[in-house]
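**Q** First residue of the sequence shown: 323, per my numbering; consecutive thereafter. Here a beta-carbon is modelled for each residue, glycine too, at the ideal position from N, C-alpha and C.
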Amino acid sequence: MIRLEKDILVVSGDDIVKVASALTSTTRLRILKLLRRKCMTLKEIANEIGKSKANTSIQIKQLEELKLVDTRYVQSEKGLRKVCISPVKEIRFILE
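What follows is the structure in structure tokens.
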């Protein structure tokens, strides 16, 4: 089970392996660190980490599935734009 309690991601059961595996990627860790500081678009993230938008999109989707990243739409001068943010400051693994 994965649940978010304020800025703490609590992980238990079989999901521990999924989250731990996601954290073994240096690219995904860099993304998480960037998104802890500020909201960013996919293009901004890709430029910052030096990866393609396609690769960055795959990484973001994996992090989203595990509740490590949240995406939302915000109004800008050019209309709506999709931004990403990480609500997670701490991860706790619960061994049951």
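Taking the C-alpha atoms as reference points, what is the distance between K373 and D336?
**A** By 1-based counting over the sequence shown, the position of residue 373 is 51. By 1-based counting over the sequence shown, the position of residue 336 is 14. If you take the alpha carbons of K373 and D336, they lie about 30 Å apart.
**Q** Just to confirm my understanding: we take K389, look at its own chain, exclude 5 residues before and 5 after, and list those with CB closer than 7 Å. What are they?
**A** Looking up residue 389 in the sequence shown gives position 67. Cβ within range, chain order: I324, L326 and L331.
**Q** Round the Cβ separation of I413 and D392 to the nearest angstrom and send it over; I've been treating them as touching at under 8 Å.
**A** Counted from its first residue, the sequence shown places residue 413 at position 91. Counted from its first residue, the sequence shown places residue 392 at position 70. Their Cβ separation, rounded to whole angstroms, is 15 Å, which puts I413 and D392 out of contact at 8 Å.
**Q** Do the CB positions of V405 and M362 come within less than 8 Å of each other?
**A** Here residue 405 corresponds to residue number 83 of the sequence shown, with the count starting at 1. Here residue 362 corresponds to residue number 40 of the sequence shown, with the count starting at 1. For V405 and M362, yes; Cβs fall inside 8 Å.
**Q** Let me know the secondary structure DSSP gives E327 once reduced to three states.
**A** Counting from one through the sequence shown, the residue named residue 327 turns up at place 5. E327: strand per DSSP, three-state reduction.
**Q** Counting only the same chain and skipping the five closest in sequence on each side, list residues whose C-beta sits under 8 Å from that of K347.
**A** Residue 347 sits at position 25 when you count from the first residue of the sequence shown. What sits at residue 347 in the sequence shown is Ser, not Lys. Counting only Cβ-Cβ distances below 8 Å, and skipping sequence neighbours, we find Q381.
**Q** Considering only the beta carbon of each residue, do V333 and I416 sit closer than 8 Å?
**A** Counted from its first residue, the sequence shown places residue 333 at position 11. Counted from its first residue, the sequence shown places residue 416 at position 94. In contact: V333 and I416 (Cβ atoms closer than 8 Å).
**Q** Assuming K383 is part of the alpha helix (DSSP H), what are its boundary residues?
**A** Reading the sequence shown from its first residue, position 61 is the one you call residue 383. K383 -> alpha helix (DSSP H) spans K375 to E387.
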